[in-house]
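A.B. asks: Provided herewith is a single structure, encoded as C-alpha cells, for subsequent inquiry.
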Amino acid sequence: MLMQNLIVLSLVAGSLAYALWTLMPAALRQGLARKLLPLAPNQAWLQKAARQAGGCGGGDGGCSACGDGGTPKVQTIKIHRR
C-alpha cells in the first residue's frame, strides 16, 4: 500500500510541476530556468527555456517582431450565382 501511495504521489507531483511550468508567464519561466540551469547544465529543454525570448519573438516581451501592426489587408469577396 505504501508503494502505491508513493507512485501516485510522484505522478501527481510531476503533473503539477508540468502544469505550473506550462501555464507560468514566460518572463517568470525564463528567470526560473536561468536559476535552475547551474543545477542541471546538460538539460537541453532547460537551456532552451533560459534563452527563449518573451512575446512573439521580440526581447521586449511585447509583440514588436510581429510586423508593423497596421490595418489588415482588405480582401474582396466575389459571389457567383449558379
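So for the sequence shown, our numbering puts the first residue at 4; every next one is plus one. Just so it is clear, CB atoms sit at the ideal spot from N, CA and C, and this is done for glycine as well.
Put V77 into one of helix, strand or coil per three-state DSSP.
C.D. replies: Taking the first residue of the sequence shown as 1, we reach residue 77 at position 74. V77 falls in the coil class under three-state DSSP.
A.B. asks: Drop a sphere of 10 angstroms on the beta-carbon of K76, count the other beta-carbons inside from all chains shown, and report buried for 16 or more, exposed for fewer.
C.D. replies: Position 73 of the sequence shown, counted from the start, is the residue given in the question as residue 76. That one is exposed.
A.B. asks: Go through its chain and collect everything with a Cβ distance to I82's Cβ below 8 Å, but skip five positions before and after it.
C.D. replies: Walking along the sequence shown from the start, residue 82 turns up at place 79. Result list for I82: empty, nothing under 8 Å.
A.B. asks: Quick one: using the 10 Å Cβ neighbour count with 16 as the cut-off for buried, is A16 buried or exposed?
C.D. replies: Translated into the one-based positions of the sequence shown, residue 16 becomes position 13. Under this definition A16 is an exposed residue.
A.B. asks: With a cut-off of 8 Å on the beta carbons, I'd call L49 and L40 a contact; round off their distance for me.
C.D. replies: Walking along the sequence shown from the start, residue 49 turns up at place 46. Walking along the sequence shown from the start, residue 40 turns up at place 37. At roughly 6 Å, the Cβ-Cβ gap stays under 8 Å, so L49 and L40 are in contact.
A.B. asks: Answer yes or no: do Q55 and A29 have a C-beta to C-beta separation smaller than 9 Å?
C.D. replies: By 1-based counting over the sequence shown, the position of residue 55 is 52. By 1-based counting over the sequence shown, the position of residue 29 is 26. A contact, by the Cβ cut-off of 9 Å.
A.B. asks: Mark A43 as exposed unless 16 or more other C-beta atoms lie within 10 angstroms of its C-beta, in which case mark it buried.
C.D. replies: Position 40 of the sequence shown holds residue 43. Exposed, since its Cβ has fewer than 16 Cβ neighbours within 10 Å.
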